[in-house]
Amino acid sequence: MQNSLVIVLLAGCSVMAVQPADVVRFSMEETKAKEQTNGVDISREETKGRKPKLLGSFQWKNCGSPSKELMVVESLSIAPDPIAIPGTIKINFTAVFNKTVDAPLQVDLKLEKEEFGFWIEVPCIDNLGSCTYSDLCESLSQATCPLPFVQQKVPCKCPFNKGSYKLSNASFNIPTSGVPTGNYRITANLSVKGVFVGCYYIAATLTD
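Sequence positions in the sequence shown follow mature numbering (1 follows the signal peptide of the UniProt record, and there is no 0) and run -20 to -1, 1 to 188.
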């Protein structure tokens, strides 16, 4: 599964889906130029020679029932605010797995972009947008865990054993991104064989 915008899911859900080589890669390498989806342009923009974009107004919340969830993110902070892209971010989070979570870990992702005051859902095209990923564990199995995760003994691939985990002052580089500016929000529902694992909502604004 490629991390895109989608810049934040993963700064936020980074926590759940990190790319290899000590870098959180929020890119849209696979997106076709000038692609239109539901009237929302999620194509790459030409970034050469442009000043860094700014990602700010970051918000997150649990959109499920923490008392019933197998995974509960207790705290999450991302600095600085706003984040310059390209640039470096620092992530702190604490999470609790009330039971061991293993494959198949399904992720139902809903990505929306605000257009003229209305929230438009971005369809799933080329594995980007509002997609269902049948098994995040399989996608993560080929990844190399980022050094901060290894050093602080935080798992980045399945199984996620029962217990509490904390990541402190972990630095990641965000490369140049072609994601268009605007307001975005993402809802991620996680489940294993129909059993609810967790639900998380993330919102952020990308500006020039």
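We put the CB at the ideal spot given by N, CA and C, even for glycine.
Take residue 84, set aside five residues on each side of it, and the residues of its chain with a beta-carbon closer than 8 Å to its own are 114, 115, 117, 118, 172 and 173, in chain order.
Uninterrupted alpha helix (DSSP H) stretches at least 4 residues long and entirely within the stretch 87 to 170 occur at 116 to 120 and 127 to 131, given in chain order. A direct Cα-Cα distance of roughly 33 Å separates residue 54 from residue 106.
Residue 99 counts as exposed, since fewer than 16 other beta carbons sit within 10 angstroms of its beta carbon.
In the DSSP assignment, residue 37 falls within the unbroken beta strand (DSSP E) covering 33 to 42. Where residue 81 is concerned, there is no enclosing beta strand (DSSP E), because DSSP gives it neither an H nor an E. In the DSSP secondary-structure assignment, residue 174 is not bridged to any residue. At least 8 Å separates the beta-carbon of residue 34 from that of residue 167. Cβ-Cβ distances below 6 Å link residue 79 to 50 and 142 in the same chain, with the five nearest sequence neighbours on each side left out; the list follows chain order. Take residue 177, set aside five residues on each side of it, and the residues of its chain with a beta-carbon closer than 8 Å to its own are 49, 50, 51, 81, 85, 170 and 171, in chain order. Straight-line spacing of the CA atoms in residue 43 and residue 103 works out to 21 Å.
Annotation: the continuous beta strand (DSSP E) that includes residue 56 extends over 51 to 59. The Cβ atoms of residue 154 and residue 71 lie no closer than 8 Å to each other. The alpha-carbon separation between residue 93 and residue 38 amounts to approximately 14 Å.
Its chain contains 92 and 183 as the residues whose beta carbon lies nearer than 6 Å to that of residue 165, once the 5 sequence neighbours on both sides are disregarded; these appear in chain order. Around the beta-carbon of residue 127, fewer than 16 other beta-carbon atoms lie within 10 Å, marking it exposed. Residue 160 and residue 149 have their C-alpha atoms roughly 28 Å apart.
Around the beta carbon of residue 96, fewer than 16 other beta carbons sit within 10 angstroms, so the residue counts as exposed. Residue 146 places its beta carbon 8 Å or farther from that of residue 120.
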